[in-house]
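Asks: With the first letter of the sequence shown counted as 1, position 12 gets the number 12 in the UniProt record's numbering; the numbers rise by one all the way through. Virtual Cβ for every residue (Gly too), placed ideally from N, Cα, C. Bear in mind that the values here come from a model prediction, so they are computed numbers and not experimental data. Just passing along the structure, written as structure tokens.
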Amino acid sequence: MIASKYHFNNVKLRNKLLILYILCVFIPIVFTNIVFYNVTTDNIKKQKMHDVELVLEQIRNEFIAVIDQGVGISSSFYSDAKLYDFFEEEYETTIDYIEAYDTYLREFNRYSPIFYSIQAISFYSDNPAVIYAGGVRPITERTREEEWYTTLNRVNHPLVVKMQPAQDVGLFSILRELDYYSDKNNTEKIIRIDINPITITQIFNNVTFQGNVYLVNENRTIEFSNDQDTPWDSEPIHFDALAMPEDTILLEERYLPHNFFQGWKIIGTISEREILEELHRSSRFIIIMASINFLLPSLIIILITRSLHTRIHRVLKYMKKMKKQNFETIEFAGDRDEIGELTNEFNKMSQTIKRLINEVYVANIQKKDLQLKEKQAQLSALQSQINPHFLFNALETIRMRSIIKGENETAKIIQNMAKIFRNSLTWGKDWVTIQEEMQLILCFLEIQKYRFGDKLEYVIDIDEKVEDCLIPKMSFLPFVENASIHGIEPQKEKGSIHLKIQLVGDKVVYILRDNGAGMENTQLANLYNSLIKEKSMGERVGIKNVYYRLQLYYKDDFEFTINSAPGEGTTVQISLPFEKK
Numbered sequence: 001m002i003a004s005k006y007h008f009n010n011v012k013l014r015n016k017l018l019i020l021y022i023l024c025v026f027i028p029i030v031f032t033n034i035v036f037y038n039v040t041t042d043n044i045k046k047q048k049m050h051d052v053e054l055v056l057e058q059i060r061n062e063f064i065a066v067i068d069q070g071v072g073i074s075s076s077f078y079s080d081a082k083l084y085d086f087f088e089e090e091y092e093t094t095i096d097y098i099e100a101y102d103t104y105l106r107e108f109n110r111y112s113p114i115f116y117s118i119q120a121i122s123f124y125s126d127n128p129a130v131i132y133a134g135g136v137r138p139i140t141e142r143t144r145e146e147e148w149y150t151t152l153n154r155v156n157h158p159l160v161v162k163m164q165p166a167q168d169v170g171l172f173s174i175l176r177e178l179d180y181y182s183d184k185n186n187t188e189k190i191i192r193i194d195i196n197p198i199t200i201t202q203i204f205n206n207v208t209f210q211g212n213v214y215l216v217n218e219n220r221t222i223e224f225s226n227d228q229d230t231p232w233d234s235e236p237i238h239f240d241a242l243a244m245p246e247d248t249i250l251l252e253e254r255y256l257p258h259n260f261f262q263g264w265k266i267i268g269t270i271s272e273r274e275i276l277e278e279l280h281r282s283s284r285f286i287i288i289m290a291s292i293n294f295l296l297p298s299l300i301i302i303l304i305t306r307s308l309h310t311r312i313h314r315v316l317k318y319m320k321k322m323k324k325q326n327f328e329t330i331e332f333a334g335d336r337d338e339i340g341e342l343t344n345e346f347n348k349m350s351q352t353i354k355r356l357i358n359e360v361y362v363a364n365i366q367k368k369d370l371q372l373k374e375k376q377a378q379l380s381a382l383q384s385q386i387n388p389h390f391l392f393n394a395l396e397t398i399r400m401r402s403i404i405k406g407e408n409e410t411a412k413i414i415q416n417m418a419k420i421f422r423n424s425l426t427w428g429k430d431w432v433t434i435q436e437e438m439q440l441i442l443c444f445l446e447i448q449k450y451r452f453g454d455k456l457e458y459v460i461d462i463d464e465k466v467e468d469c470l471i472p473k474m475s476f477l478p479f480v481e482n483a484s485i486h487g488i489e490p491q492k493e494k495g496s497i498h499l500k501i502q503l504v505g506d507k508v509v510y511i512l513r514d515n516g517a518g519m520e521n522t523q524l525a526n527l528y529n530s531l532i533k534e535k536s537m538g539e540r541v542g543i544k545n546v547y548y549r550l551q552l553y554y555k556d557d558f559e560f561t562i563n564s565a566p567g568e569g570t571t572v573q574i575s576l577p578f579e580k581k
């Protein structure tokens, strides 16, 4: 019993096809693509990393070459005895200094045109007889307090520093104390060679390196970089504090060789995505290979399962037609397998259901239809017995009798009631002018005035410009009714209703204020929620009727607000587009 339960023949056809697809298509393709992708990725990554390391080594060597060039120039000045004599001399007059300057230092910047990497050459001296101009700078107390000066006094080799502040970003300078001749050290002399920052920028912006290069000092503070997203040129930034993307590859840190670099390093970072960019460009080939691996097995599966799928789909199509009361029979080819038997039984079932429907169901429907029509005829007969004109005529008779008896006020109220009743039953006219709407409002207010007497007073302020404006019928009247019944009636004091309609820009603004009972905040919130969420009328039929009709006519091109507080009354404001008749 257990063996038959898990027999392969008991597996649904859909699951059989799924198992066939997984074993013959999905698993082989996934395995092949994973192996191919991993092998290709490893090979490309190794080759790319080797190329990137060579480029980073090239950047390091070029930077060292530029610095060595400046150091070499400083060495030529370091052993120049005439230069020492120039700075040791005690000049009696300015003319003597200028003549000596023309002889020794006039052409000291001849190296700048020859070597593009050299921007300028200057000297520091504490000789009071020297004029500090033309590339000669004084050694002051402020100079002695600077970090490069104190460091230079502690070492006996050239010092490479980044001068701060500097007008040019990345201005590196080579500083060297001129103390070669022991008998010519009466004054302090320092040579400064400024490296062209453009040269440094060109070295670090190597087009063949797709990542970022950082030059860090012994404290791992960034001295120079081609990273445009890091403000290393405006503030000291520690390299270890940089936020690197997760796929960033940190290349091997390379120390600069000479001792005058004091532990400086060049560090390279590159995104793994950049490393594998070549692999991504080969994705089309990978997609083609994967497509071939998918298509060939899938085609085999389609050919094998076509017989099953086509006939099952045909049975399903006719079953859907049966749902729509279309009882067609399937063309039967005499197949002897399970699907053939299913097709044969379906045809028998379809013919049986069709016969039963024609004999029983249709007859019952016709009987019920006759009974329904009979009930509708009876209802129409009852409705036709009620004629609204009878009510209008009755009200008119009462009004005339009131006039004959001299009860003019009662006759006026009955006339107003007839107008309101007739207007509420006449819905063939969906749009009215504001003037027509105000006639109904006046009729209602006169009725309420008759009802409340001196307890109610009202003020109406209508802008003449809006009298011909078209609005949906009975858009304002329900709010006047609410103000009278729910606002004025519950309170004992004298109540007032102020109605104002004006033109503001291209909008008609309707404002209704009363000093009635008002509403609590919870009541007002519930009212707004019922307007937004509830679709059925329920309570507050008048307000909901107006709100839903305004939504229907104007969509979002109208404004509706209600402000109320207990004991302070209620204010209703409606803003509608101005549409003139």
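Tell me whether M1 sits in a helix, a strand or coil according to DSSP, three-state version.
Replies: Residue 1 sits at position 1 when you count from the first residue of the sequence shown. Note that M1 has pLDDT 40, beneath the 50 cutoff, so the model's placement of it is unreliable and no number is given.
Asks: Taking the C-alpha atoms as reference points, what is the distance between S380 and I462?
Replies: Translated into positions along the sequence shown, residue 380 becomes position 380. Translated into positions along the sequence shown, residue 462 becomes position 462. Because the pLDDT at S380 is just 42, under 50, the model does not fix this residue reliably, and the value given afterwards should be weighed accordingly. Spanning the two alpha carbons is a distance of roughly 44 Å.
Asks: Compute the Euclidean distance between the alpha carbons of S536 and F26, then round it to the nearest angstrom.
Replies: Locating residue 536 in the sequence shown gives position 536, counting from the first residue. Locating residue 26 in the sequence shown gives position 26, counting from the first residue. Confidence is the limiting factor: at S536 the pLDDT is only 49, short of 50, which leaves the residue's position unreliable, though a coordinate-based value still follows. Approximately 54 Å between the Cα atoms of the pair.
Asks: According to the Cβ coordinates, are I266 and I67 closer than 9 Å?
Replies: Locating residue 266 in the sequence shown gives position 266, counting from the first residue. Locating residue 67 in the sequence shown gives position 67, counting from the first residue. No.
Asks: Taking 9 Å as the threshold (C-beta atoms), are D514 and A483 in contact?
Replies: One-based indexing of the sequence shown puts residue 483 at position 483. One-based indexing of the sequence shown puts residue 514 at position 514. A contact, by the Cβ cut-off of 9 Å.
Asks: If you reduce the DSSP assignment to three classes, tell me which class residue 662 lands in.
Replies: The question about residue 662 has no answer here: the residues shown for the chain are numbered 1 through 581.
Asks: Quick check on DSSP: helix, strand or coil for A120?
Replies: For this step, residue 120 is matched to residue 120 along the sequence shown. In the structure shown, A120 sits in a strand (DSSP, three-state: E or B).
Asks: Taking the beta carbon of L295 as the centre, do at least 16 other beta carbons fall within 10 Å, making it buried, or is it exposed?
Replies: Residue 295 sits at position 295 when you count from the first residue of the sequence shown. It counts as exposed.
Asks: Keeping to the same chain, check which residues put their C-beta closer than 6 Å to that of I562; ignore five residues upstream and five downstream.
Replies: Taking the sequence shown and counting its residues from 1, one reaches residue 562 at position 562. Cβ neighbours of I562 beyond the five flanking positions: V572.
Asks: Are the CB atoms of L576 and Y510 within a distance shorter than 9 Å?
Replies: Within the sequence shown, numbered from 1, the residue matching residue 510 stands at position 510. Within the sequence shown, numbered from 1, the residue matching residue 576 stands at position 576. Yes, they are a contact pair.
Asks: Name the two residues that bound the continuous alpha helix (DSSP H) containing P472.
Replies: Taking the first residue of the sequence shown as position 1, residue 472 is located at position 472. Looking at the DSSP string, P472 is not in any alpha helix (DSSP H); the run it does join, the beta strand (DSSP E), is 470 to 472.
Asks: When every heavy atom of the ligand ATP is checked, does at least one fall within less than 8 Å of the C-beta of P158?
Replies: With respect to the ligand ATP, the structure offers nothing, as it holds no ligand at all.
Asks: Residue ranges of each alpha helix (DSSP H) run of no fewer than 4 residues wholly in the stretch 51 to 101, ordered along the chain?
Replies: 81 to 88
Asks: Please report the distance separating the alpha-carbon of Q435 from that of L445.
Replies: Sequence index remark: in the sequence shown, residue 435 carries index 435 (1-based). Sequence index remark: in the sequence shown, residue 445 carries index 445 (1-based). Looking at the two C-alpha atoms, the distance is approximately 15 Å.
Asks: Would you say Y91 and V130 are within 9 Å of each other, going by their C-beta atoms?
Replies: Against the sequence shown, residue 91 aligns to sequence position 91. Against the sequence shown, residue 130 aligns to sequence position 130. Cβ atoms of Y91 and V130: closer than 9 Å.
Asks: Classify Y548 as buried or exposed, calling it buried when 16 or more other Cβ atoms lie within 10 Å of its own Cβ.
Replies: In the sequence shown, counting from the first residue as 1, residue 548 sits at position 548. Result: exposed.
Asks: Could you tell me which residues DSSP pairs with P577 in its beta bridges?
Replies: Counting from 1 along the sequence shown, the entry for residue 577 is found at position 577. By DSSP's assignment, P577 forms a beta bridge with K507.
Asks: Among N205, K500, R451, which residue has its Cα nearest to the Cα of R460?
Replies: Sequence index remark: in the sequence shown, residue 460 carries index 460 (1-based). Per the sequence shown, residue 460 should be read as Ile rather than Arg. Closest option to I460, Cα to Cα, is K500.
Asks: What three-state label does DSSP hand residue 585 in the structure shown?
Replies: There is simply no residue 585 to check, as the chain begins at 1 and stops at 581 in what is shown.
Asks: Would E88 and N61 be called neighbours here (beta carbons separated by less than 9 Å)?
Replies: Counted from its first residue, the sequence shown places residue 88 at position 88. Counted from its first residue, the sequence shown places residue 61 at position 61. No, these two residues do not count as a Cβ contact at 9 Å.
Asks: Taking all protein chains shown into account, do 16 or more other C-beta atoms lie within 10 angstroms of the C-beta of I142, making it buried, or fewer, making it exposed?
Replies: Mapped onto the sequence shown, residue 142 falls at position 142. According to the sequence as given, residue 142 is Arg; it is not Ile. By the 10 Å Cβ count, R142 comes out exposed.
Asks: Could you tell me if V39 is buried or exposed, where buried requires 16 or more neighbouring beta carbons within 10 angstroms of its beta carbon?
Replies: Position 39 of the sequence shown holds residue 39. Around the beta carbon of V39, fewer than 16 other beta carbons lie within 10 angstroms, which makes this residue exposed.
Asks: Could you tell me the distance, in whole angstroms, from the CA atom of S298 to the CA atom of Y21?
Replies: Counting from one through the sequence shown, the residue named residue 298 turns up at place 298. Counting from one through the sequence shown, the residue named residue 21 turns up at place 21. Roughly 8 Å between the two C-alpha positions.
Asks: Can you give the Cα-Cα distance for I118 and V160, rounded to whole angstroms?
Replies: For the purposes of this step, residue 118 is identified with residue 118 of the sequence shown, where counting begins at 1. For the purposes of this step, residue 160 is identified with residue 160 of the sequence shown, where counting begins at 1. When rounded, the distance between both Cα atoms is 14 Å.
Asks: Please go through the same chain and pick out, in chain order, the residues whose beta-carbon is closer than 8 Å to the beta-carbon of P566, but skip the five residues on each side of it.
Replies: For the purposes of this step, residue 566 is taken as the residue at position 566 of the sequence shown. Excluding sequence neighbours, P566 sits near A517, G518, M519, E520.
Asks: Could you say which of L470, F77, E146, Y97 lies nearest to I123 if we only look at CA atoms?
Replies: In the sequence shown, counting from the first residue as 1, residue 123 sits at position 123. Going by the sequence as given, residue 123 is Phe instead of Ile. Minimum Cα distance to F123 is reached at F77.
Asks: Given this structure, state the Cα-to-Cα distance separating Y528 from F560, to the nearest angstrom.
Replies: In the sequence shown, counting from the first residue as 1, residue 528 sits at position 528. In the sequence shown, counting from the first residue as 1, residue 560 sits at position 560. If you take the alpha carbons of Y528 and F560, they lie about 10 Å apart.
Asks: From L17 to E272, what does the alpha carbon distance come to, in whole angstroms?
Replies: Locating residue 17 in the sequence shown gives position 17, counting from the first residue. Locating residue 272 in the sequence shown gives position 272, counting from the first residue. L17 and E272 have their alpha carbons spaced roughly 41 Å apart.
Asks: Compute the Euclidean distance between the alpha carbons of E145 and G263, then round it to the nearest angstrom.
Replies: Numbered from its first residue, the sequence shown carries residue 145 at position 145. Numbered from its first residue, the sequence shown carries residue 263 at position 263. Using only the alpha carbons, I get a separation of about 23 Å.
Asks: Would you say the stretch 195 to 210 touches the stretch 224 to 237, given that touching needs at least three Cβ pairs under 8 Å?
Replies: With contact defined as three or more Cβ pairs closer than 8 Å, the stretch 195 to 210 and the stretch 224 to 237 are in contact.
Asks: Closer than 8 Å by C-beta to P231: which residues in its own chain qualify, once you throw out the five before and the five after it? Chain order, please.
Replies: Here residue 231 is taken as the residue at index 231 of the sequence shown, counted from 1. Cβ neighbours of P231 beyond the five flanking positions: I237.
Asks: Using the Cβ count rule (16 or more neighbours within 10 Å means buried), how would you classify S564?
Replies: Along the sequence shown, one-based indexing puts residue 564 at 564. Counting Cβ neighbours within 10 Å, S564 comes out buried, since at least 16 surround it.
Asks: Does Y181 come out as helix, strand or coil in the three-state DSSP assignment?
Replies: Taking the first residue of the sequence shown as 1, we reach residue 181 at position 181. Of the three classes helix, strand and coil, the one that applies to Y181 here is coil, per DSSP.
Asks: Give me the DSSP bridge partner(s) of G495.
Replies: Working through the sequence shown from its first residue, we reach residue 495 at position 495. Partner(s): L456.
Asks: Quick check on the DSSP output: the alpha helix (DSSP H) that includes residue 586 runs from which residue to which?
Replies: Outside the displayed span of the chain (1 to 581) sits residue 586, for which this structure offers no information.
Asks: Are K189 and Y84 closer than 9 Å when you measure CB to CB?
Replies: For the purposes of this step, residue 189 is taken as the residue at position 189 of the sequence shown. For the purposes of this step, residue 84 is taken as the residue at position 84 of the sequence shown. Taking 9 Å as the Cβ cut-off, K189 and Y84 qualify as a contacting pair.
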